[in-house]
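Be aware that the sequence shown starts at 57, since it is given in my numbering, and climbs by one per residue.
For glycine and all other residues, C-beta sits at the position ideal for the given N, C-alpha and C.
The block underneath contains the structure these notes are about, expressed in structure tokens.
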Amino acid sequence: TGKLLISDNGPVGGDEIDSAGPGDNLGWPFTVGTNDPIEGDVPPIYTFPETVAPTGVFYVAGPKPMSPGGLLVTAYVTKTLYYFPNIRAAKVPPPLQIVSAETDELIDVAQNSRGEIFFASGSAIYALTLPKPGDANGDGVVNDADLTALAHEIQDSDGQRSVNAQSGTYAASWGCDVNLDGSID
Numbered sequence: 057t058g059k060l061l062i063s064d065n066g067p068v069g070g071d072e073i074d075s076a077g078p079g080d081n082l083g084w085p086f087t088v089g090t091n092d093p094i095e096g097d098v099p100p101i102y103t104f105p106e107t108v109a110p111t112g113v114f115y116v117a118g119p120k121p122m123s124p125g126g127l128l129v130t131a132y133v134t135k136t137l138y139y140f141p142n143i144r145a146a147k148v149p150p151p152l153q154i155v156s157a158e159t160d161e162l163i164d165v166a167q168n169s170r171g172e173i174f175f176a177s178g179s180a181i182y183a184l185t186l187p188k189p190g191d192a193n194g195d196g197v198v199n200d201a202d203l204t205a206l207a208h209e210i211q212d213s214d215g216q217r218s219v220n221a222q223s224g225t226y227a228a229s230w231g232c233d234v235n236l237d238g239s240i241d
């Protein structure tokens, strides 16, 4: 998009994810977090309601089922890897927590040329492992048991996005998106 994605640590409840192009003014120090933007300034694309201390930001280029155009953000305070499936929405919804409080404080996230995603804490580097296509129940194996999970997930909402598989009345895995088109149908 020709814009820089920025993790911006603010005062309590003022941590932001910003997108800025050449000459853009993000309002600092006159407006932060949930404060109203000043006319002419570029507001944040998302403001966290609590202090998370975002550190690393990565614009996803693949692999599926993480759709290109999503955003991964590491957070130091919450020790969380957040995923924003669509940062181009008019109002960016709260992110999904992919990894939360299972490691030390998170520092950064990146993707290699093979599409593998890695994130780092102060003491280790981790690979993000997504479920195999067809692993609808998230047990790491594609077998007959996944048919029940897939049927429940389709009943939840035919055609829902794969990133919403854990939501709804039945919690399944992103592996319900068997054909990797971004939709569970």
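Under 7 Å between C-beta atoms of Asp97 and Gly112: Sequence index remark: in the sequence shown, residue 97 carries index 41 (1-based). Sequence index remark: in the sequence shown, residue 112 carries index 56 (1-based). Taking 7 Å as the Cβ cut-off, Asp97 and Gly112 do not qualify as a contacting pair.
task: Return yes when the Cβ of Val108 is within less than 7 Å of the Cβ of Thr130, no when it is not.
output: In the sequence shown, residue 130 corresponds to position 74, counting from 1. In the sequence shown, residue 108 corresponds to position 52, counting from 1. In this structure, Thr130 keeps its C-beta atom at 7 Å or more from the C-beta atom of Val108.
query: How would you label Val88, buried or exposed, when you count the other beta carbons within 10 angstroms and need 16 or more for buried?
result: As a working mapping, residue 88 is identified with position 32 in the sequence shown. Buried: at least 16 other Cβ atoms inside 10 Å.
- request: Please confirm whether Pro100 and Asp74 have their CB atoms less than 7 Å apart.
  value: Against the sequence shown, residue 100 aligns to sequence position 44. Against the sequence shown, residue 74 aligns to sequence position 18. Cβ atoms of Pro100 and Asp74: closer than 7 Å.
- prompt: Looking at C-alpha atoms only, which residue of Leu206, Leu60 and Phe114 is the closest neighbour of Asp164?
  reply: Working through the sequence shown from its first residue, we reach residue 164 at position 108. Cα-wise, what sits closest to Asp164 is Phe114.
message: Let me make sure I understand the geometry here. Which of Arg144, Pro67, Gly125 and Ser229 has the alpha-carbon closest to that of Val90?
response: Translated into the one-based positions of the sequence shown, residue 90 becomes position 34. The amino acid occupying residue 90 in the given sequence is Thr; Val does not appear at that position. Comparing Cα-Cα distances from Thr90 to each of Arg144, Pro67, Gly125 and Ser229, the minimum goes to Pro67.
query: Near Gly224, which residues of its chain fall below 7 Å by C-beta distance, leaving aside the five closest residues on each side in sequence?
result: The residue given as residue 224 occupies position 168 in the sequence shown. Here the set comprises Asp212 and Ser213.
Residues bridged to Phe114 [DSSP beta-bridge criterion]: Position 58 of the sequence shown, counted from the start, is the residue given in the question as residue 114. Phe114 pairs with Leu128.
task: Report the three-state DSSP secondary structure of Asp212 (helix, strand or coil).
output: Walking along the sequence shown from the start, residue 212 turns up at place 156. Helix, per DSSP.
Closest by C-alpha distance to Ser229, when choosing among Leu236, Asn235, Val219 and Gly238: For the purposes of this step, residue 229 is identified with residue 173 of the sequence shown, where counting begins at 1. Minimum Cα distance to Ser229 is reached at Val219.
task: Evaluate Ala183 with the Cβ neighbour count: other Cβ atoms within 10 Å of its Cβ, from every protein chain shown; 16 or more gives buried, anything less gives exposed.
output: Here residue 183 corresponds to residue number 127 of the sequence shown, with the count starting at 1. Per the 10 Å Cβ criterion, exposed.
- prompt: Among residues of its own chain, excluding the 5 on either side of Phe104, which ones have a beta-carbon nearer than 6 Å to its beta-carbon?
  reply: The residue you call residue 104 lines up with position 48 of the sequence shown. Only Asp71 meet the Cβ criterion.
Delimiting residues of the beta strand (DSSP E) encompassing Leu61: Along the sequence shown, read from residue 1 onward, the residue named residue 61 stands at position 5. Start and end: Leu60 to Asp64.
query: Buried or exposed: where does Asn193 fall if 16 or more other Cβ atoms within 10 Å of its Cβ makes it buried?
result: Residue 193 sits at position 137 when you count from the first residue of the sequence shown. Asn193 comes out buried.
task: Please classify Asp202: does DSSP put it in a helix, a strand, or coil?
output: Here residue 202 refers to the residue found at position 146 when the sequence shown is read from its first residue. Note: Asp202 maps to helix in three-state DSSP.
field: Three-way DSSP call (helix, strand, coil) for Val155 in this model
entry: To locate residue 155, count along the sequence shown from 1; it is residue 99. If DSSP states are grouped into helix, strand and coil, Val155 belongs with the strands.
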